[in-house]
Amino acid sequence: MHNTEKGMKALRLSEVAALLDGEFVGAEDPLITGVAGLEDAGPGDLAFVGRQKPRNGLADSGAAAVIVGRDQEVDRPAIRVDDPFAAFASLLERLMPDPDRLFPPGIHPTAVIDPSAEVEEATAVGPYSVIGPGTVIGAGSRLGAHVILGCDISVGRDCLLHSGVTVREGCILGDRVIIHSGVIIGSDGFGYLTSRQGIRKIPQIGVVEIQDDVEIGSGSCVDRATTGRTVLGAGSKIDNLVQIGHNVSIGKSCSLSAQTGIAGSSTLGNGVFTGGQVGIGDHIRIGDGVKAGGQTGITHDIPAGQTIFGYPALELTETFRMFAALRKLPELLRRVTRLEKGSCVSDDNAGKDQD
Amino acid sequence: MHNTEKGMKALRLSEVAALLDGEFVGAEDPLITGVAGLEDAGPGDLAFVGRQKPRNGLADSGAAAVIVGRDQEVDRPAIRVDDPFAAFASLLERLMPDPDRLFPPGIHPTAVIDPSAEVEEATAVGPYSVIGPGTVIGAGSRLGAHVILGCDISVGRDCLLHSGVTVREGCILGDRVIIHSGVIIGSDGFGYLTSRQGIRKIPQIGVVEIQDDVEIGSGSCVDRATTGRTVLGAGSKIDNLVQIGHNVSIGKSCSLSAQTGIAGSSTLGNGVFTGGQVGIGDHIRIGDGVKAGGQTGITHDIPAGQTIFGYPALELTETFRMFAALRKLPELLRRVTRLEKGSCVSDDNAGKDQD
Amino acid sequence: MHNTEKGMKALRLSEVAALLDGEFVGAEDPLITGVAGLEDAGPGDLAFVGRQKPRNGLADSGAAAVIVGRDQEVDRPAIRVDDPFAAFASLLERLMPDPDRLFPPGIHPTAVIDPSAEVEEATAVGPYSVIGPGTVIGAGSRLGAHVILGCDISVGRDCLLHSGVTVREGCILGDRVIIHSGVIIGSDGFGYLTSRQGIRKIPQIGVVEIQDDVEIGSGSCVDRATTGRTVLGAGSKIDNLVQIGHNVSIGKSCSLSAQTGIAGSSTLGNGVFTGGQVGIGDHIRIGDGVKAGGQTGITHDIPAGQTIFGYPALELTETFRMFAALRKLPELLRRVTRLEKGSCVSDDNAGKDQD
Chain S
52 MHNTEKGMKA
62 LRLSEVAALL
72 DGEFVGAEDP
82 LITGVAGLED
92 AGPGDLAFVG
102 RQKPRNGLAD
112 SGAAAVIVGR
122 DQEVDRPAIR
132 VDDPFAAFAS
142 LLERLMPDPD
152 RLFPPGIHPT
162 AVIDPSAEVE
172 EATAVGPYSV
182 IGPGTVIGAG
192 SRLGAHVILG
202 CDISVGRDCL
212 LHSGVTVREG
222 CILGDRVIIH
232 SGVIIGSDGF
242 GYLTSRQGIR
252 KIPQIGVVEI
262 QDDVEIGSGS
272 CVDRATTGRT
282 VLGAGSKIDN
292 LVQIGHNVSI
302 GKSCSLSAQT
312 GIAGSSTLGN
322 GVFTGGQVGI
332 GDHIRIGDGV
342 KAGGQTGITH
352 DIPAGQTIFG
362 YPALELTETF
372 RMFAALRKLP
382 ELLRRVTRLE
392 KGSCVSDDNA
402 GKDQD
Chain C
52 MHNTEKGMKA
62 LRLSEVAALL
72 DGEFVGAEDP
82 LITGVAGLED
92 AGPGDLAFVG
102 RQKPRNGLAD
112 SGAAAVIVGR
122 DQEVDRPAIR
132 VDDPFAAFAS
142 LLERLMPDPD
152 RLFPPGIHPT
162 AVIDPSAEVE
172 EATAVGPYSV
182 IGPGTVIGAG
192 SRLGAHVILG
202 CDISVGRDCL
212 LHSGVTVREG
222 CILGDRVIIH
232 SGVIIGSDGF
242 GYLTSRQGIR
252 KIPQIGVVEI
262 QDDVEIGSGS
272 CVDRATTGRT
282 VLGAGSKIDN
292 LVQIGHNVSI
302 GKSCSLSAQT
312 GIAGSSTLGN
322 GVFTGGQVGI
332 GDHIRIGDGV
342 KAGGQTGITH
352 DIPAGQTIFG
362 YPALELTETF
372 RMFAALRKLP
382 ELLRRVTRLE
392 KGSCVSDDNA
402 GKDQD
Chain H
52 MHNTEKGMKA
62 LRLSEVAALL
72 DGEFVGAEDP
82 LITGVAGLED
92 AGPGDLAFVG
102 RQKPRNGLAD
112 SGAAAVIVGR
122 DQEVDRPAIR
132 VDDPFAAFAS
142 LLERLMPDPD
152 RLFPPGIHPT
162 AVIDPSAEVE
172 EATAVGPYSV
182 IGPGTVIGAG
192 SRLGAHVILG
202 CDISVGRDCL
212 LHSGVTVREG
222 CILGDRVIIH
232 SGVIIGSDGF
242 GYLTSRQGIR
252 KIPQIGVVEI
262 QDDVEIGSGS
272 CVDRATTGRT
282 VLGAGSKIDN
292 LVQIGHNVSI
302 GKSCSLSAQT
312 GIAGSSTLGN
322 GVFTGGQVGI
332 GDHIRIGDGV
342 KAGGQTGITH
352 DIPAGQTIFG
362 YPALELTETF
372 RMFAALRKLP
382 ELLRRVTRLE
392 KGSCVSDDNA
402 GKDQD
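Residue numbers (this note's numbering), protein chains in the order written: chain S, 52 to 406; chain C, 52 to 406; chain H, 52 to 406.
What follows is the structure in structure tokens.
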């Protein structure tokens, strides 16, 4: 069973059900040759039906079979499981390409590894990767092509650094960290001293600490601290093109969507979620579990548990009320002018000089 | 005739007119040594006058000569053509540097090409490029330095992949695709399953399909689909630092300006235009021909043909009305307070104690 | 004295005071083993107290000693100086890692340098860097690993190009320019000619000029001009993931925070400051000294000296007034409805049926 785009080694649906510890239901036992989203699925595809009702209903899907919850109605062969999404994820895991094809084991002869670096049973270092002096890589970690690790870096065990990742001196990566292509870890923070003599660079001598099980999407940047550490807490997931400034501290199990930006020295608690393009100013404190909708602009501290949205960032329902009211604003202006003209006195001139 | 920054082999204006199939007009026939924008042009420069009236008028320009439409007034030697901008573009094409200087033909000896890859009469593979197993590159395509193609990728004919492009396994590029430096194609989509046990990664086993004549600007990221394909339709142009999430489908001839972000599973029709920093939420449908102004935040479906702007995204004229009304809002609050104080009484002091 | 994360060779506080030309005060003379921010500092750390009052007061800090102004009260050993921040910066400069460890001197044997390129006493060219024909690099400049310089580029003296920087043909860098990893200089501007025949690419034959003492943060993109030059003025500082479009002109000593985007042909004066995620439309003129708060969207010219904020961009105090008024808008709608119902009659029920 291996990936051929969306495909797989053909299996009967009943066989897939057995793999997933699910219940096979259906009059027929179709041959499954691929997996797909419900809307994209065609003949031979197994799709899953999530908690959200499908936009076009189940009937419109071309899927040969579906993975559903225990009580969902179906109109075709199906696998019943407790959690369809989790079962789908398990199935996708089985369809992942062979990691030895993506990251051929061993150290490629073109890799430039400083004699003082320690590459401890790393299963893969790709072509043209460069590993600086004093850097240590834990067992089972895989590096793609063109990965650049500066000096005195510590990479934990079973990490995955995709092609074209750059990590600068002194940074610390935990275990099972995944970093996607084009990510830059440990560039200088944006710190200057502005005076009449001009703009003077504040040296940035701190590092970045990336804890266990963090994943960072392609093109994102995490700046080194001025002093001390910029920290990404265990289990946090960072999407693409995210900017994390110097001395930022991100808690555990946070999720930051694409193009989010966090300015220097801000602190996020655990379980914080941001939508895309959210901006967080400097020296801000965001409490545990805060959720911020897409493009929210945060310029003040947010207490734990709040769901915020908008620019300025307000509590979600307040923003929705405000957005609804905004659409009535041009009309409101006219209504007030009308009131002023008619207000309570027989003053024929009232309101006449309104623009 | 070749580029020397803005310059070219010197030609008489009448010679340039002949090259462009234009009409030479003027008492003199100046020697043209460069091309430039109207405002930047100096002696020896040929500039073009577009449909927009020049900010400072034609008279302020230092251009030796201009390319203009058939009926435009001129105060200096000129070339008259039907479409000045198109003629200017044609002239710029002649001034492009020699591609053999930018992408020296042949496969550089440092390129690492898997024996199972097929590089079909590619005219150029630059130094330190890496081409994985099973990858196929069509005739006439040029790859710069440090291009990383993973395994099982298909690149069409006459593509241009600038230095430092990364494409991951299984992705599909059509013909005449241009990809600029730093672009990452096919990184994992941002998909997780969050439960009490933590955040579990959903494997992303789909691919990216980039159709013919697409161009993608530097630093942009296009994520692979969870299953199936993330699609960029033929002829679409993507600017720099744009984020395109997993399973997004973009139609034909779209134009997405810099730093636009599109979250997972959204669908854009044909001919969609976004200004800079536009954000589109997940699972959104944008109809054909929709235009969205800079920084617009789109959180719901937009029917074909609409021009939208703002945050929340509203029809353009409604946003402009709302923005105008917004500026009157603080004053409106005072006016309503005045009305409330004065309502139903003839209070001569109404409004006097406003702040 | 060298960096060990935040650390240094241990020195007595009085010795550090002498290095900084400061006044040592205190009953004890503690051994200083590191520097840190006030809030992060622990035993052995020297911290500085800036102009902003510390969030948690000085007393809460674990710092062994502090750098303070001449008149500030202290509760522990201290160094008194005229400008604590400047003294701290000087101290950090002494703690920078040895540049010969970060950029080992000499040209790495794997660097591919065209015979026609001139590398003039460059102290460092890192592994796998590629330098194209006709490119000139001034004395004292250091290039990290995987730096890609195209053809006919001019790099001045004492520049620092971190690993993974890409500069395309014809671009010009002044002296002491610092460019961080992943930056792309000189990609094609986003210029097309749209007609019924489709979208036609306008060749971009201009260059980028980066003047002395500019610093550009990781992942940022600066597009080459259509004709002429995109210019970054002397001393300007650009943060990470910033997009600068073709033919933009940025003045001297500007500071552009992360994820700012500037569309084509806009002009910034000297000393312009943008917060994070600011967007500036095309063909806009921003005067000297303009400051724009985070996420501001600028669609029209801004005169010199203004401080603006918001979307639409308004003068800062107007935006704050508007934001405050916005929160009252839903209530305002109800107040006006109440006025309309009750206007000019003594209606005891006014407002009772509000939603």
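Where is the CB? At the ideal position from N, CA and C, for every residue including glycine. None of these values were measured; they are calculated from a predicted model.
- Here A92 (chain C) carries a coil assignment [DSSP, helix/strand/coil].
- Residue state for A375 (chain C) is assigned as helix, using DSSP reduced to three classes.
- Judged by DSSP in its simplified three-state form, R219 (chain C) adopts coil rather than helix or strand.
- Assignment of E266 (chain C) by DSSP, reduced to helix, strand and coil, places it in the strand class.
- For G270 (chain S) against N291 (chain S), the beta-carbon gap comes to about 5 Å, under 8 Å, which counts as contact.
- A Cβ-Cβ distance of about 6 Å is found for the pair D333 (chain C) and S316 (chain C), placing them in contact under the 8 Å criterion.
- As the crow flies, the alpha-carbon of A78 (chain S) is around 16 Å from that of G95 (chain S).
- Below the 8 Å Cβ cutoff, chain H contributes L365, E369 and M373 as neighbours of R378 (chain C), in chain order.
- Following the DSSP letters along the chain, one finds T388 (chain C) inside the alpha helix (DSSP H) bounded by residues L380 to G393.
- If you draw a straight line from the Cα of L194 (chain S) to the Cα of A175 (chain S), it is about 6 Å long.
- Only G215, T217, R219, E220 and G221 from the segment 208 to 229 of chain C bring a Cβ to less than 8 Å from some Cβ of chain S.
- Of all residues in the segment 235 to 247 of chain S, only I235, S238, D239, F241, Y243 and L244 come within less than 7 Å of chain H when Cβ atoms are compared, listed by chain position.
- Under the three-pair Cβ rule at 8 Å, the segment 333 to 348 of chain S counts as touching the segment 358 to 368 of chain S.
- The C-beta of T186 (chain S) comes no closer than 8 Å to any C-beta of chain H.
- Distances from the alpha-carbon of I256 (chain H) to those of H:C305, H:L367, H:E369 and H:G242 put H:G242 closest.
- Contact between S232 (chain C) and S232 (chain S) is ruled out by a C-beta separation of about 13 Å, above the 8 Å threshold.
- Near chain H, meaning a CB-to-CB distance below 8 Å, the residues of the segment 299 to 312 of chain C are S304, S306, S308, A309 and Q310.
- Along the length of the segment 235 to 300 of chain H, whole beta strand (DSSP E) runs at least 3 residues long occupy 235 to 238, 243 to 246, 249 to 252, 258 to 261, 272 to 274 and 280 to 283, reported in chain order.
- Here M373 (chain C) is buried. Its C-beta has 16 or more other C-beta atoms within 10 Å.
- When C-alpha distances from P381 (chain C) are compared across H:R275, H:E369, H:S167 and H:G326, the shortest belongs to H:E369.
- In the structure shown, the three-state DSSP call for F139 (chain C) is helix.
- For F360 (chain H), the pairing in a beta bridge is given by DSSP as H:L365.
- In the three-state scheme derived from DSSP, where H, G and I count as helix and E and B as strand, L71 (chain S) is classed as coil.
- Under the DSSP assignment, L153 (chain C) falls in the alpha helix (DSSP H) whose first and last residues are P150 to L153.
- Taking a cut-off of 8 Å for Cβ pairs, the segment 177 to 196 of chain C and the segment 206 to 218 of chain C touch, as three or more such pairs fall below it.
- Relative to P166 (chain S), the option among S:F136, S:G183, S:E366 and S:D339 whose CA is nearest is S:G183.
- No Cβ-Cβ contact shorter than 8 Å links G296 (chain H) with V323 (chain H).
- Looking at the DSSP output, G157 (chain S) shares a beta bridge with S:A175.
- T278 (chain H) has a beta carbon lying within less than 8 Å of a beta carbon in chain C.
- Partner residues in the beta bridge of V181 (chain C), as assigned by DSSP, are C:V163 and C:I199.
- Only residues of its own chain outside the window of five on either side were considered, and among them E171, E172 and R208 have a CB closer than 6 Å to the CB of A190 (chain S), listed in chain order.
- Excluding sequence positions up to five before and after T186 (chain C), its CB lies within less than 8 Å of the CB of D165, A168, E169, L200, G201, C202, D203, I204, S205 and V206, all in the same chain and listed in chain order.
- For Q262 (chain S), the nearest beta carbon of chain H is not closer than 8 Å to its own beta carbon.
- Distances from the CA of L367 (chain C) to each of C:E66, C:K252 and C:G326 were compared; the closest alpha carbon is that of C:G326.
- The beta carbons of T281 (chain C) and V299 (chain C) sit about 5 Å from each other, so the pair counts as a contact at 8 Å.
- Of the residues assessed, D122 (chain S) falls on the exposed side of the cut-off, its CB having fewer than 16 other CB atoms within 10 angstroms.
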